[in-house]
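Here is the structure we will look at, set down as structure tokens.
Numbering (the working numbering), first residue to last: 125 to 271.
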């Protein structure tokens with residue numbers, strides 16, 4: 125049996141969340157999307173702690189779409205903790221942000237981001253970026269084994 129390819133969307137802005145979900149649907153990317161609205165919720169889901177302590181640890185996302193500007197724990201710190209955790213350090217993490225700060229780009233890659241995508245302004249461009257993202261990370265990419 126092929127494991128379900130889950131997308132973890134870490135996004136605190138409801139409009140950006142809806143935009144991302146709409147772009148996924150528009151491109152027939154019908155994978156289950158788990159939404160975490162802050163860094164703590166994202167780490168709880170990934171590490172199987174807090175509200176997600178009873179989660180099946182074999183149900184890991186195929187890709188994490190990570191915003192940087194998050195409440196509680198920011199996206200760069202989430203990435204730092206993911207890469208420091210032996211059980212989840214190999215998960216593909218795509219930074220999906222509106223930040224135009226070069227320091228965020230450099231920090232994201234330095235901390236082990238697999239990709240860094242700036243959210244385009246128009247829905248058409250964003251939808252096209254999501255289509256490519258889905259094609260690569262959900263269809264072509266071979267995910268690491270769950271530890």
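Every residue, glycine too, gets a C-beta built ideally from N, C-alpha and C. On a predicted model such as this, the values are computed, not experimentally measured, just so you know.
Simplified DSSP state of residue i, which is helix, strand or coil
i: residue 251; result: helix
i: residue 131; result: strand
i: residue 164; result: helix
i: residue 264; result: helix
i: residue 203; result: helix
i: residue 197; result: coil
i: residue 246; result: coil
i: residue 125; result: Reliability of the predicted coordinates at residue 125 is poor, the pLDDT of 45 falling under 50, and the value obtained from them is presented with this limitation in mind. Note: residue 125 maps to coil in three-state DSSP.
i: residue 234; result: helix
i: residue 223; result: coil
i: residue 144; result: helix
Exposure label - residue i; buried when at least 16 CB within 10 Å
i: residue 139; result: exposed
i: residue 131; result: buried
i: residue 185; result: buried
i: residue 180; result: exposed
i: residue 147; result: buried
i: residue 347; result: With the chain running from 125 to 271 in the structure shown, residue 347 is simply not present.
i: residue 149; result: exposed
i: residue 263; result: exposed
i: residue 269; result: exposed
i: residue 160; result: buried
Residue i - containing beta strand (DSSP E), residue span
i: residue 186; result: 185-190
Run of the alpha helix (DSSP H) containing residue i, from where it starts to where it stops
i: residue 328; result: Residue 328 lies beyond the range of the chain shown here (125 to 271); nothing can be said about it.
Cβ-Cβ separation, residue j to residue i (assumed contact under 8 Å), whole Å
i: residue 163; j: residue 196; result: 5 Å
i: residue 166; j: residue 134; result: 4 Å
Touch test, the region 204-215 against the region 242-255, Cβ-Cβ under 8 Å, three pairs minimum: The answer is no - the region 242-255 does not touch the region 204-215, with fewer than three Cβ pairs under 8 Å.
The region 221-233 contacting the region 161-180, beta-carbon criterion three pairs below 8 Å: Contact between the region 221-233 and the region 161-180 is absent, because fewer than three Cβ pairs lie under 8 Å.
Inter-stretch contact at 8 Å, needing at least 3 Cβ pairs: the region 230-241 / the region 197-212: Yes: the two stretches touch, three or more of their Cβ pairs being nearer than 8 Å.
Segment contact flag, the region 138-153 with the region 248-265, C-beta cutoff 8 Å, min 3 pairs: Verdict: yes, contact present.
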